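**Student:** In our numbering, the protein residues as written are -14 to 449.
Rendered as structure tokens:
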């Protein structure tokens, strides 16, 4: 009797793999192959947007600037400076009834080159870096790194580079002290073990000539000039990022997990993009946001704090022929959004930082965060109960397993997403993403079950 009552009344977090049949498991593994392949080709925000645009073109989407007018069923996108992108499918309902938005970000923690990066020291050539986003600096030493980015010459010529991903490419690394000489270093606090100014990338050691100053630097510049036609001055107008050269791989004897760089937040970006590519007739206009700069506060003209997203929606209103004063505000106020950003997965090795009754677990489905923020919910948008219930209804009707979680114990720390930005426009918003282990590390871990649950969730949301 007690067991029956518990089954009826308790909210238990079940392992999602247990109830799957073989066909369902195969669907998950097949989907994850596509996801890992995408990750290997899209390690930076520019690469992700380039891949997303190619996929959109293949699935009948067109740049909104190619349209004079819009009608229900039209598939459109807008690429913002090659680093963020907005996609939409016009719904059959009046746009005044609001948008259904899913928003993720495609930037990830990394190392950027400084504006004047190249120098030589004791016949070793280096690139000087400036880290981007919240990282543990010691994790970025003694691992293989690749160089990705774009160089724009003063004449406007653009050169894309990617070195270190092909097995025949050289890789690069940041050195660290040997334990025998690191007594003072190991006495420091972990966060101070490696200084930001010491994250210098080793890039060469052969001099160009026998004598003279900076001959190794000269040799490196000569190599770059011969291969790319650039000079040292051209590095001033470049965006060069250093990312781990690791490939996305299946993790575990059972291959149940994905290990890869940049899953925060490309796991949510990819699953939402994949879901949108399969949509046809939607009731409410469906919008997919692939934003930039989230890891450093969403600032800048490619971040969500800019007015570029408002411009995209305004263009939709103009080309639908319905725009009028204050309509944009009205549309946002009646909109619903899933802020598709990752959650901190519960790690039993570091259990002390989590409240186990309010944590997101790997393999137990999509994770909803009613609020993020820090300590006293500082900086959180805090979804209202009515909207949480509306989202729950979608998940339960579609038999999608989910969990509701917080980002660690109350006084331990916290985090933020783009949720508050769209919430400030008047929309109902809740964070909804995949639990991740080792978040912000060069190699992050997710469950393939949760990845597939995210894809199903986003598709169900847009079809609601």
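Note that beta-carbon positions come from the ideal geometry of N, C-alpha and C, so glycine has one too. Model, not experiment: these values are computed from the prediction.
So what does DSSP say about residue 387, is it helix, strand or coil?
**Tutor:** By one-based count along the chain shown, residue 387 stands at place 402. Reduced to three states, the DSSP call for residue 387 is strand.
**Student:** Please say whether residue 67 and residue 31 have beta carbons closer to each other than 9 angstroms?
**Tutor:** In the chain shown, residue 31 corresponds to position 46, counting from 1. In the chain shown, residue 67 corresponds to position 82, counting from 1. The Cβ-Cβ distance between residue 31 and residue 67 falls below 9 angstroms.
**Student:** Which of the three DSSP states is assigned to residue 182 in this structure?
**Tutor:** Within the chain shown, numbered from 1, the residue matching residue 182 stands at position 197. Three-state DSSP puts residue 182 in a helix.
**Student:** Helix, strand or coil: which one does DSSP assign to residue 321?
**Tutor:** Looking up residue 321 in the chain shown gives position 336. Strand.
**Student:** At which residues does the alpha helix (DSSP H) containing residue 256 begin and terminate?
**Tutor:** Mapped onto the chain shown, residue 256 falls at position 271. Residue 256 -> alpha helix (DSSP H) spans 248 to 262.
**Student:** Quick check: residue 421 and residue 327, are their CB atoms within less than 9 angstroms of each other?
**Tutor:** Position 436 of the chain shown, counting from 1, holds the residue named residue 421. Position 342 of the chain shown, counting from 1, holds the residue named residue 327. In this structure, residue 327 lies closer than 9 angstroms to residue 421 by Cβ.
**Student:** Using the C-alpha atoms, what's the distance from residue 107 back to residue 272?
**Tutor:** On the chain shown, position 287 is the one that residue 272 refers to. On the chain shown, position 122 is the one that residue 107 refers to. Going by the C-alpha atoms only, they are around 54 angstroms apart.
**Student:** For residue 242, is the classification buried or exposed, using 16 other Cβ atoms within 10 angstroms of its Cβ as the cut-off for buried?
**Tutor:** For the purposes of this step, residue 242 is identified with residue 257 of the chain shown, where counting begins at 1. Looking at its Cβ environment, which holds 16 or more other Cβ atoms inside 10 Å, residue 242 is buried.
**Student:** Which partner residues does residue 410 have in the DSSP bridge list?
**Tutor:** Along the chain shown, one-based indexing puts residue 410 at 425. DSSP lists no partner for residue 410.
**Student:** At what residue ranges does the segment 75 to 161 contain a whole run of the beta strand (DSSP E), taking only runs of 3 or more?
**Tutor:** If you keep only unbroken beta strand (DSSP E) runs of at least 3 residues inside the segment 75 to 161, you get 85 to 90, 95 to 106, 109 to 117, 130 to 137 and 143 to 148.
**Student:** What is the residue span of the alpha helix (DSSP H) that residue 448 lies within?
**Tutor:** As a working mapping, residue 448 is identified with position 463 in the chain shown. It is not in any alpha helix (DSSP H) - residue 448 carries neither H nor E in the DSSP assignment.
**Student:** So, is residue 59 buried or exposed, given that buried needs 16 or more other C-beta atoms within 10 angstroms?
**Tutor:** Within the chain shown, residue 59 is the residue found at index 74, counting from 1. It is buried - the Cβ of residue 59 has at least 16 other Cβ atoms within 10 Å.
**Student:** Quick one: using the 10 Å Cβ neighbour count with 16 as the cut-off for buried, is residue 94 buried or exposed?
**Tutor:** Stepping through the chain shown from its first residue, residue 94 is reached at position 109. The residue is buried, with at least 16 neighbouring Cβ atoms inside 10 Å.
**Student:** Does residue 374 pass the burial test, meaning 16 or more other C-beta atoms within 10 Å, or should it be called exposed?
**Tutor:** Looking up residue 374 in the chain shown gives position 389. Burial call: exposed.
**Student:** Is the beta carbon of residue 85 less than 9 angstroms from the beta carbon of residue 267?
**Tutor:** Locating residue 85 in the chain shown gives position 100, counting from the first residue. Locating residue 267 in the chain shown gives position 282, counting from the first residue. For residue 85 and residue 267, yes; Cβs fall inside 9 angstroms.
**Student:** With burial defined as no fewer than 16 other Cβ atoms inside 10 Å of the residue's Cβ, what is the status of residue 70: buried or exposed?
**Tutor:** On the chain shown, position 85 is the one that residue 70 refers to. When all chains shown are included, residue 70 counts as buried.
**Student:** Thinking residue 357 and residue 399 are a contact (beta carbons under 8 angstroms), I'd like their distance in whole angstroms, please.
**Tutor:** Locating residue 357 in the chain shown gives position 372, counting from the first residue. Locating residue 399 in the chain shown gives position 414, counting from the first residue. Between residue 399 and residue 357 the Cβ distance is about 6 angstroms, and since that is below 8 angstroms, they are a contact.
**Student:** Can you tell me which of 219, 187, 234 and 258 puts its alpha carbon nearest to the alpha carbon of residue 227?
**Tutor:** For this step, residue 227 is matched to residue 242 along the chain shown. Comparing Cα positions, the closest option is 187.
**Student:** For residue 44, I'd like the list of residues in its chain whose CB is within less than 8 angstroms of its CB, leaving aside the five on either flank, ordered along the chain.
**Tutor:** By one-based count along the chain shown, residue 44 stands at place 59. 60 and 262, listed in sequence order.
**Student:** What residues in its chain sit with their C-beta under 6 angstroms from that of residue 0, if we drop five residues either side in the sequence?
**Tutor:** Along the chain shown, one-based indexing puts residue 0 at 15. Contacts found: 348.
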